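Engineer:
4 protein chains.
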Amino acid sequence: MKCSIVRIPTRSPSDVSALGEAIRDGSIEPRDVVAVLGKTEGNGCVNDFTRGYAVQTLQRFFEGRIGDAASRISYVMSGGTEGVLSPHLTVISRTPNAKKPSGGTKSLAIGVRRTRDFRPEEIGRMAQVGAVAEAVRAAVAEAGIEDAADVHFVQIKCPLLTTDAIREASARGEAVVTEDTYKSMGYSRGASALGTALALGEIDGAALVEADICQAWEKYSEVASTSAGSELICCEVIVFGNSANAEGPFFIDHGVMKDAVDGDALRRLLDAHPEAELAQVLAKAEADPSGFVRDRRHTMLNDSDINHTRHARAVVGGVLAYVSGDPMIYVSGGAEHQGPAGGGPVAAVFRRKQP
Amino acid sequence: MKCSIVRIPTRSPSDVSALGEAIRDGSIEPRDVVAVLGKTEGNGCVNDFTRGYAVQTLQRFFEGRIGDAASRISYVMSGGTEGVLSPHLTVISRTPNAKKPSGGTKSLAIGVRRTRDFRPEEIGRMAQVGAVAEAVRAAVAEAGIEDAADVHFVQIKCPLLTTDAIREASARGEAVVTEDTYKSMGYSRGASALGTALALGEIDGAALVEADICQAWEKYSEVASTSAGSELICCEVIVFGNSANAEGPFFIDHGVMKDAVDGDALRRLLDAHPEAELAQVLAKAEADPSGFVRDRRHTMLNDSDINHTRHARAVVGGVLAYVSGDPMIYVSGGAEHQGPAGGGPVAAVFRRKQP
Amino acid sequence: MKCSIVRIPTRSPSDVSALGEAIRDGSIEPRDVVAVLGKTEGNGCVNDFTRGYAVQTLQRFFEGRIGDAASRISYVMSGGTEGVLSPHLTVISRTPNAKKPSGGTKSLAIGVRRTRDFRPEEIGRMAQVGAVAEAVRAAVAEAGIEDAADVHFVQIKCPLLTTDAIREASARGEAVVTEDTYKSMGYSRGASALGTALALGEIDGAALVEADICQAWEKYSEVASTSAGSELICCEVIVFGNSANAEGPFFIDHGVMKDAVDGDALRRLLDAHPEAELAQVLAKAEADPSGFVRDRRHTMLNDSDINHTRHARAVVGGVLAYVSGDPMIYVSGGAEHQGPAGGGPVAAVFRRKQP
Amino acid sequence: MKCSIVRIPTRSPSDVSALGEAIRDGSIEPRDVVAVLGKTEGNGCVNDFTRGYAVQTLQRFFEGRIGDAASRISYVMSGGTEGVLSPHLTVISRTPNAKKPSGGTKSLAIGVRRTRDFRPEEIGRMAQVGAVAEAVRAAVAEAGIEDAADVHFVQIKCPLLTTDAIREASARGEAVVTEDTYKSMGYSRGASALGTALALGEIDGAALVEADICQAWEKYSEVASTSAGSELICCEVIVFGNSANAEGPFFIDHGVMKDAVDGDALRRLLDAHPEAELAQVLAKAEADPSGFVRDRRHTMLNDSDINHTRHARAVVGGVLAYVSGDPMIYVSGGAEHQGPAGGGPVAAVFRRKQP
């Protein structure tokens with residue numbers, strides 16, 4: 001297996017001009033694409049239709065080039081490019097028929113899976129945790145990653161509850177985890193993150209109960225990055241890691257931001273790999289649920305004009321753009337059970353320089 | 001003259017509990033206070049009443065302690081604590097009867113002035129530029145600062161146009177610079193900054209024309225920080241610099257952020273003064289008018305849900321909180337003619353450690 | 001008792017110029033004022049400081065005129081003047097020493113009470129319901145209203161949970177009803193409304209349980225109007241009704257809007273009293289929790305940019321301004337247990353024309 | 001010619017399920033569709049991608065049914081369903097080969113035209129006015145409408161300026177009408193409305209100058225309804241009127257709302273046609289530029305959290321939903337030169353009841 005990533009700027013959720021260019025110049029071979037991870041310029045909350053718009057556009061684009069094979073590509077759009085964050089796509093390709101790697105150097109390996117569709121009443125609950133754990137394990141195996149420590153980022157796109165879905169469940173006599181649509185995003189992200197932690201052995205499955213979801217913040221994954229949207233009703237899982245079975249110049253590493261202004265987490269990653277150039281940063285952001293950052297009161301959770309996820313993305317996006325020197329990075333909001341409370345995972349994909 | 005600054009956290013625009021505490025424990029002597037610079041948790045735009053609320057609260061607070069002398073204090077509230085920025089007050093005190101400094105060490109010196117009240121049609125125009133320039137020169141002289149290069153931050157609170165004010169001018173047959181109340185904030189900030197640049201010799205007064213305001217971005221001040229609000233109709237000017245005529249442990253220095261993620265501008269300041277501890281950071285933020293940061297498209301100027309000044313404060317606040325390790329800093333939005341387009345001034349007040 | 005109401009326009013939360021005018025021209029006698037009901041131009045949500053700003057301004061204003069007696073006035077500010085709603089104050093006066101009414105004509109009678117302060121963990125729970133019921137009963141008695149059917153509007157200002165309050169409770173080991181500050185406003189309004197319904201015999205106290213709050217929408221008061229704000233930690237109750245013990249030209253009547261566009265509820269009230277002129281409209285607004293109005297899907301509950309209470313106020317304010325011909329009316333958001341789900345109470349104060 | 005309209009509810013910008021249903025049950029014949037007028041649930045401002053998303057979805061939908069003929073359908077999406085407004089499509093069909101009408105009864109007649117593409121510097125200027133006037137005249141002729149008085153609604157979808165477009169023009173040395181993207185929507189709507197007024201003889205072309213656009217509010221069209229969006233760079237024109245050359249049960253009439261709460265304008269239309277049932281309401285909304293409605297101050301123009309077009313749609317949508325009893329109506333924001341300042345046109349499509 002040989003995996004690569006290419007970043008493509010977009011001028012709107014329906015812009016595929018630079019993507020077409022990259023295909024024409026050979027940087028991307030459509031048949032090798034396994035996933036597209038995007039940042040779109042909506043509000044990243046319940047009524048963000050830029051995610052669905054981008055997915056519809058990309059599906060059509062790839063169908064025009066590779067026909068039915070397009071349905072195998074996983075699209076994970078994260079809304080919200082607050083502050084300096086720049087809308088773009090991260091196109092992830094995988095060549096299955098690469099030559100067997102000779103030595104022990106581990107390279108970027110990617111696995112992609114999808115859970116079954118969920119009923120509204122399953123969202124944000126143990127049913128979702130379990131299904132995600134299973135999908136993560138399958139994706140790790142598919143990627144040929146042999147050690148959980150070699151998994152550095154697990155991106156999951158998960159569903160949310162809409163008013164329609166809540167009504168449909170209610171009509172069947174089923175209660176959902178919350179009737180607040182915005183809040184359902186947090187439950188879905190939290191359940192997905194706990195599923196990841198379970199699959200990677202970061203938490204004890206036997207001790208995990210439903211009440212822990214969005215409550216027991218000390219249970220978290222260092223590498224989960226989950227993002228909720230109304231455009232799907234299953235979870236899509238993309239596992240990023242390193243494997244001796246993979247080859248190529250790319251590899252990945254991760255750190256943990258202890259709070260929203262912990263730029264040192266990324267700086268340490270950059271310092272650890274001076275021989276390589278940075279290809280992409282992947283991170284999660286959240287408003288510290290304590291109401292404080294570095295012992296100073298913040299106002300994100302009391303703001304009824306701007307949702308706290310939007311504030312948090314602007315901050316983390318700014319900090320990581322400063323450290324990396326590039327605002328075209330992937331920062332997604334709502335880090336429930338993804339890193340410690342108020343902080344979040346940060347991963348960096350590197351490309352080894354040619355010797 | 002001996003000047004000092006003390007930072008006071010607030011729990012709301014009307015919270016003076018920590019301020020009262022600081023007075024009780026002797027950190028602040030009310031009679032010495034010349035200005036209070038605050039960050040309040042409103043939207044920082046036209047309908048931000050947290051600024052006026054805080055000013056009303058502070059006026060009443062000081063009246064209760066020092067009576068009529070309270071009216072000499074200058075209150076400059078800047079709305080908007082997006083992201084990690086933490087609401088607080090910077091209380092600026094000055095003891096006029098200090099002993100004459102013996103040596104050549106320059107210390108923090110502060111001058112405060114107020115322009116006359118403006119008519120609506122003067123706001124954002126040369127009349128404002130001229131009046132501000134005059135007030136800045138007077139404040140520099142009052143501070144005993146002998147060289148324009150020793151001026152490191154000029155904070156100006158300036159008026160904006162409300163619908164009422166526009167109607168009043170119109171009834172008199174006078175046209176205002178813009179009928180868009182939000183946009184009037186930019187014109188007022190821009191005119192104030194150009195007035196500062198004029199007073200400090202940063203731009204050529206003879207070549208300055210009214211059409212330059214919010215147009216000729218290459219004309220700017222490296223040290224102006226201007227903030228518009230509906231709670232006043234004159235400009236209040238606070239000049240921060242160093243003077244051999246001043247004494248005490250505080251001094252100030254400044255840099256220029258070339259864009260919103262230029263954290264190195266502050267880092268260089270910190271590195272330049274390793275012997276001192278940081279007492280406060282003062283900075284301006286704006287969304288790059290080009291629509292790009294580091295050649296990446298940003299979406300701040302096309303966002304009809306969140307004003308671009310709010311995005312920009314969140315970013316710069318995050319970057320500078322990372323570098324300084326403290327989110328309780330002063331970052332104000334809208335940097336028209338304050339530093340280069342897309343960037344802005346950043347100043348740091350230091351306190352020399354006791355030998 | 002003789003009660004009267006006067007409406008006063010405001011140009012900002014701190015504007016008392018028209019109020020001063022009304023006192024100078026004798027329309028209002030400060031010593032007779034028992035309550036001021038205001039609409040202020042904030043967002044009406046958690047971080048709306050226009051309410052506290054207006055209260056601080058009014059307290060100072062009345063202290064300057066009637067000294068310590070000012071502390072007996074009840075201030076109930078409701079934030080949010082979306083759409084055409086116009087910021088204003090409704091000043092409510094009561095002359096206790098009026099002559100005993102001769103006949104059976106009932107006139108406007110007003111009673112005012114305050115509950116004890118609540119601890120954070122009591123907000124939105126039965127403790128609040130009970131305390132409000134008690135205060136409503138006391139205010140009805142104080143007003144000399146002898147029949148619950150003569151109570152036409154009960155305005156209650158109630159507290160909400162801030163991040164600070166939640167932390168304080170948590171530090172004491174107490175759990176609050178919700179950790180979502182915006183959502184806490186709904187619980188507090190709901191508990192206050194159920195307390196009113198209990199006091200007036202609209203619901204069965206024995207059958208009421210804590211889980212009914214913000215759940216059992218079929219339990220409601222036809223006359224409760226409750227509004228949450230961060231500027232108080234008790235509930236302030238103002239009962240409006242008619243009493244044969246009261247005299248004067250004012251009287252009140254009420255109807256129930258079955259949904260947000262049920263302007264006929266007000267039209268019927270106007271038609272029922274052709275002999276009188278309308279002095280003020282008092283109403284509540286909410287986004288139908290079903291997600292539908294007149295079988296058409298609405299998007300208010302899925303909107304992450306604008307809170308649904310803001311949408312609802314704009315709609316109801318527009319409809320009632322059309323029917324009454326006046327946008328300077330009192331429409332407050334969040335009608336949990338106030339009228340049927342999606343609808344709300346509407347009251348009209350009339351003034352009999354001189355014969 | 002025989003024209004008809006059918007309203008179709010949507011559950012999201014990409015929902016065509018009810019549209020498919022209507023085609024299956026024969027209510028709509030895809031080959032007869034000439035235009036689709038939609039309300040989508042975005043913010044209706046610059047970064048509203050729900051319009052483009054709906055258009056992309058509809059294009060694909062019709063291509064799948066009628067192939068290349070789909071490109072002849074005109075799609076006019078208006079963003080913003082604030083308050084009770086319900087997202088939906090108005091599908092407009094025309095059968096060209098209908099039998100020649102026997103008598104003088106006029107029926108609904110529709111004409112559709114498109115202008116050439118505009119360069120950024122032409123938007124909001126006389127070039128746009130002229131091109132729109134020409135397209136309106138052509139559409140009136142196409143509809144077989146013989147008298148300008150028989151034109152009752154002219155819907156125009158027009159472009160706006162994005163940051164990209166402004167840069168592109170600037171690179172060519174061309175200045176655009178405004179560099180504020182949100183404000184450009186107003187200029188584009190205003191120019192389109194004046195073009196309509198010109199075509200219908202409502203204003204004097206000889207006396208019209210470029211400076212009149214968004215300035216001379218006394219020049220307006222009673223029937224223009226213009227809506228700006230980033231998804232096109234030409235103007236799409238749909239003329240609605242009555243013609244003796246047309247047949248069928250539908251006809252249209254219009255009135256003018258003198259302000260945002262003038263529900264009587266619609267009530268009079270309903271009263272004028274008691275024999276027919278209401279099929280659709282089409283109206284425009286705006287925040288009164290004077291800052292007052294019925295002599296009461298409104299706060300829409302000073303609100304930096306919610307754009308005034310959103311407030312205005314919520315109000316007018318509520319008022320007209322009350323009068324018509326139906327929230328699934330077409331109310332679009334920004335009524336520059338469309339009806340008097342603060343007011344706007346309102347049209348009603350009726351269906352004659354079968355005898």
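Chains as they are written, first to last, in UniProt numbering: chain H, 1 to 355; chain Z, 1 to 355; chain L, 1 to 355; chain Y, 1 to 355. Every residue, glycine too, gets a C-beta built ideally from N, C-alpha and C. Bear in mind the structure is a predicted one, so any value in this text is a computation, not a measurement.
#1: Would you kindly work out how many angstroms separate the C-alpha atoms of G190 (chain Z) and Q338 (chain Z), rounded to a whole number?
#2: Could you tell me whether any Cβ in chain H is nearer than 8 Å to the Cβ of C45 (chain L)?
#3: Using the C-alpha atoms, what's the distance from V346 (chain Y) back to G255 (chain Y)?
#4: Are the region 82–97 of chain Y and the region 216–236 of chain Y touching, with three or more C-beta to C-beta distances below 8 Å?
#5: Rounded to whole angstroms, what's the CA-CA distance from A133 (chain Z) to E29 (chain Z)? Just pull it up for me.
#6: With 16 other CB atoms within 10 Å as the buried threshold, where does Q56 (chain Z) fall?
#7: Which whole-angstrom value is the C-beta distance of T163 (chain Y) and G344 (chain Z), which I expect to be below 8 Å?
#8: Check whether chain C comes within 8 Å of E41 (chain L), counting only Cβ atoms and requiring the distance to be less than that.
#9: Are the beta-carbon atoms of residue 356 (chain H) and V293 (chain H) separated by less than 8 Å?
#10: Any beta-carbon of chain H closer than 8 Å to the one on M257 (chain Z)?
#11: Among residues of its own chain, excluding the 5 on either side of T50 (chain Y), which ones have a beta-carbon nearer than 7 Å to its beta-carbon?
#12: Assign G38 (chain H) to one of three DSSP states: helix, strand, or coil.
#13: Please report the straight-line C-alpha distance between R31 (chain Y) and G44 (chain Y), rounded to a whole angstrom.
#14: Tell me, please, whether the region 129–147 of chain Z touches the region 164–183 of chain Z by the rule of three or more beta-carbon pairs shorter than 8 Å.
#15: So R113 (chain Y) and E142 (chain Y) are supposed to be a Cβ contact under 8 Å. How far apart are they, rounded?
#16: Which residue's Cα is closest to the Cα of V261 (chain Y): L:G318, L:A265, L:T299?
#17: Could you check if T81 (chain H) is buried or exposed, using at least 16 other CB atoms within 10 Å of its CB as the buried criterion?
#18: Residues of chain L with a CB under 9 Å from the CB of G52 (chain Z): which are they?
#19: Along chain H, in chain order, which residues have C-beta atoms closer than 7 Å to that of D305 (chain L)?
#20: At the level of alpha carbons, what is the spacing between L282 (chain Y) and N302 (chain Y)?
#21: Could you give the residue range of the beta strand (DSSP E) that holds M257 (chain H)?
#22: List, in chain order, every chain Y residue whose beta-carbon is nearer than 7 Å to that of T162 (chain Z).
#23: For the beta strand (DSSP E) that contains Q280 (chain Z), what are its first and last residues?
#24: At 3 residues or longer, and completely inside the UniProt region "RU B" (107–244) of chain Y: list those beta strand (DSSP E) runs for me, N to C.
#25: Counting only Cβ pairs nearer than 8 Å, list the residues of chain Z close to D180 (chain Y).
#26: Look up F350 (chain Z) in the DSSP assignment and give the residues it is bridged to.
#27: For chain H, find out if any of its Cβ atoms is closer than 8 Å to the Cβ of F250 (chain Y); answer yes or no.
#28: Between which two residues does the alpha helix (DSSP H) holding I28 (chain L) run?
#29: Reducing DSSP to helix, strand and coil, say where S86 (chain Y) ends up.
#30: Per DSSP, P9 (chain H) forms a beta bridge with which residues?
#31: Report yes if the CB atom of P120 (chain H) is closer than 8 Å to the CB atom of E63 (chain H), and no otherwise.
#32: Less than 6 Å between C-beta atoms, sequence neighbours within five positions excluded: which residues of the same chain meet that for L269 (chain H)?
#33: The beta strand (DSSP E) with S332 (chain L) in it runs from where to where?
#34: Can you confirm whether T299 (chain H), when its beta carbon is compared against all beta carbons of chain L, has any partner nearer than 8 Å?
#35: If distances are taken between C-alpha atoms only, which option among Y:L232, Y:F251, Y:R352, Y:I329 comes closest to V76 (chain Y)?
#36: Within 10 angstroms of its Cβ, does Q128 (chain Y) collect 16 or more other Cβ (buried), or is it exposed?
Structural biologist: Put simply:
#1: Locating residue 190 (chain Z) in the second sequence gives position 190, where the first residue counts as 1. Locating residue 338 (chain Z) in the second sequence gives position 338, where the first residue counts as 1. Rounded to whole angstroms, G190 (chain Z) to Q338 (chain Z) spans 8 Å at the Cα level.
#2: Looking up residue 45 (chain L) in the third sequence gives position 45. It does: the Cβ of C45 (chain L) has a partner Cβ on chain H nearer than 8 Å.
#3: Here residue 255 (chain Y) refers to the residue found at position 255 of the fourth sequence. Here residue 346 (chain Y) refers to the residue found at position 346 of the fourth sequence. Cα to Cα, the separation comes out at about 5 Å.
#4: Taking 8 Å as the limit for Cβ pairs, the verdict is that the region 216–236 of chain Y does not touch the region 82–97 of chain Y.
#5: Taking the second sequence and counting its residues from 1, the one referred to as residue 133 (chain Z) is at position 133. Taking the second sequence and counting its residues from 1, the one referred to as residue 29 (chain Z) is at position 29. Put simply, the backbone Cα of A133 (chain Z) is about 31 Å away from that of E29 (chain Z).
#6: Your numbering for residue 56 (chain Z) matches position 56 in the second sequence. The residue is buried, with at least 16 neighbouring Cβ atoms inside 10 Å.
#7: Here residue 163 (chain Y) refers to the residue found at position 163 when the fourth sequence is read from its first residue. Here residue 344 (chain Z) refers to the residue found at position 344 when the second sequence is read from its first residue. 20 Å between Cβ atoms; not a contact.
#8: Here the protein chains are H, Z, L and Y, and chain C is not one of them.
#9: Since the first residue of chain H shown is 1 and the last is 355, residue 356 (chain H) is not available in this structure.
#10: Within the second sequence, numbered from 1, the residue matching residue 257 (chain Z) stands at position 257. Closer than 8 Å: no.
#11: If you number the fourth sequence from 1, residue 50 (chain Y) lands on position 50. Closer than 7 Å at the Cβ level, and outside the excluded window around T50 (chain Y), lie P13, T40, E41, G42, G79.
#12: For the purposes of this step, residue 38 (chain H) is identified with residue 38 of the first sequence, where counting begins at 1. For G38 (chain H), the three-state secondary structure derived from DSSP is strand.
#13: On the fourth sequence, residue 31 (chain Y) is found 31 positions in, with the first residue counted as 1. On the fourth sequence, residue 44 (chain Y) is found 44 positions in, with the first residue counted as 1. Pairing R31 (chain Y) with G44 (chain Y), the inter-Cα distance amounts to about 30 Å.
#14: Judged by Cβ distances under 8 Å, the region 129–147 of chain Z makes no contact with the region 164–183 of chain Z, as fewer than three pairs qualify.
#15: Here residue 113 (chain Y) is taken as the residue at index 113 of the fourth sequence, counted from 1. Here residue 142 (chain Y) is taken as the residue at index 142 of the fourth sequence, counted from 1. Between the beta-carbon of R113 (chain Y) and that of E142 (chain Y) there is about 7 Å, and that keeps the pair under the 8 Å contact cut.
#16: To locate residue 261 (chain Y), count along the fourth sequence from 1; it is residue 261. The shortest C-alpha separation from V261 (chain Y) is found at L:G318.
#17: Start at 1 with the first residue of the first sequence, and residue 81 (chain H) comes out as number 81. T81 (chain H) should be labelled buried.
#18: For this step, residue 52 (chain Z) is matched to residue 52 along the second sequence. Near G52 (chain Z) (Cβ distances below 9 Å), the residues of chain L are S12, P13, S14, Y53.
#19: On the third sequence, position 305 is the one that residue 305 (chain L) refers to. Within chain H, the residues N43 have their CB atoms less than 7 Å from the CB of D305 (chain L), given in chain order.
#20: Here residue 282 (chain Y) is taken as the residue at index 282 of the fourth sequence, counted from 1. Here residue 302 (chain Y) is taken as the residue at index 302 of the fourth sequence, counted from 1. Each residue's Cα considered, the two are about 27 Å apart.
#21: Mapped onto the first sequence, residue 257 (chain H) falls at position 257. Run containing M257 (chain H): 250–257, per the beta strand (DSSP E) assignment.
#22: In the second sequence, residue 162 (chain Z) corresponds to position 162, counting from 1. Within chain Y, the residues near T162 (chain Z) are N302.
#23: To locate residue 280 (chain Z), count along the second sequence from 1; it is residue 280. Start and end: 276–285.
#24: Counting only runs of 3+ residues, the beta strand (DSSP E) found wholly inside the UniProt region "RU B" (107–244) of chain Y occupies 107–114, 151–159, 224–229, 236–243, in chain order.
#25: Position 180 of the fourth sequence holds residue 180 (chain Y). Within chain Z, the C-beta atoms nearer than 8 Å to that of D180 (chain Y) come from D180, K183, in chain order.
#26: Start at 1 with the first residue of the second sequence, and residue 350 (chain Z) comes out as number 350. Per DSSP, Z:F251, Z:L278.
#27: In the fourth sequence, the residue the question calls residue 250 (chain Y) occupies position 250. Not closer than 8 Å to any Cβ of chain H, the Cβ of F250 (chain Y) fails to qualify, so no.
#28: As a working mapping, residue 28 (chain L) is identified with position 28 in the third sequence. That residue, I28 (chain L), is in no alpha helix (DSSP H); it is neither H nor E in DSSP.
#29: Reading the fourth sequence from its first residue, position 86 is the one you call residue 86 (chain Y). Note: S86 (chain Y) maps to coil in three-state DSSP.
#30: Numbered from 1 along the first sequence, position 9 holds the residue referred to as residue 9 (chain H). P9 (chain H) is bridged to H:H88.
#31: Here residue 120 (chain H) refers to the residue found at position 120 of the first sequence. Here residue 63 (chain H) refers to the residue found at position 63 of the first sequence. Result no, Cβ atoms of P120 (chain H) and E63 (chain H) do not sit closer than 8 Å.
#32: Along the first sequence, one-based indexing puts residue 269 (chain H) at 269. Within the same chain, and ignoring the five residues on either side of L269 (chain H) in sequence, the residues whose Cβ sits closer than 6 Å to its Cβ are D253, G255, A348.
#33: The sequence position of residue 332 (chain L) within the third sequence is 332, counting from 1. Start and end: 330–333.
#34: Counted from its first residue, the first sequence places residue 299 (chain H) at position 299. Using a Cβ-Cβ cut-off of 8 Å, T299 (chain H) counts as an interface residue toward chain L, since at least one Cβ of chain L sits closer than that to its own.
#35: Against the fourth sequence, residue 76 (chain Y) aligns to sequence position 76. Of the candidates Y:L232, Y:F251, Y:R352, Y:I329, the one whose C-alpha sits nearest the C-alpha of V76 (chain Y) is Y:L232.
#36: Mapped onto the fourth sequence, residue 128 (chain Y) falls at position 128. So Q128 (chain Y) counts as buried.
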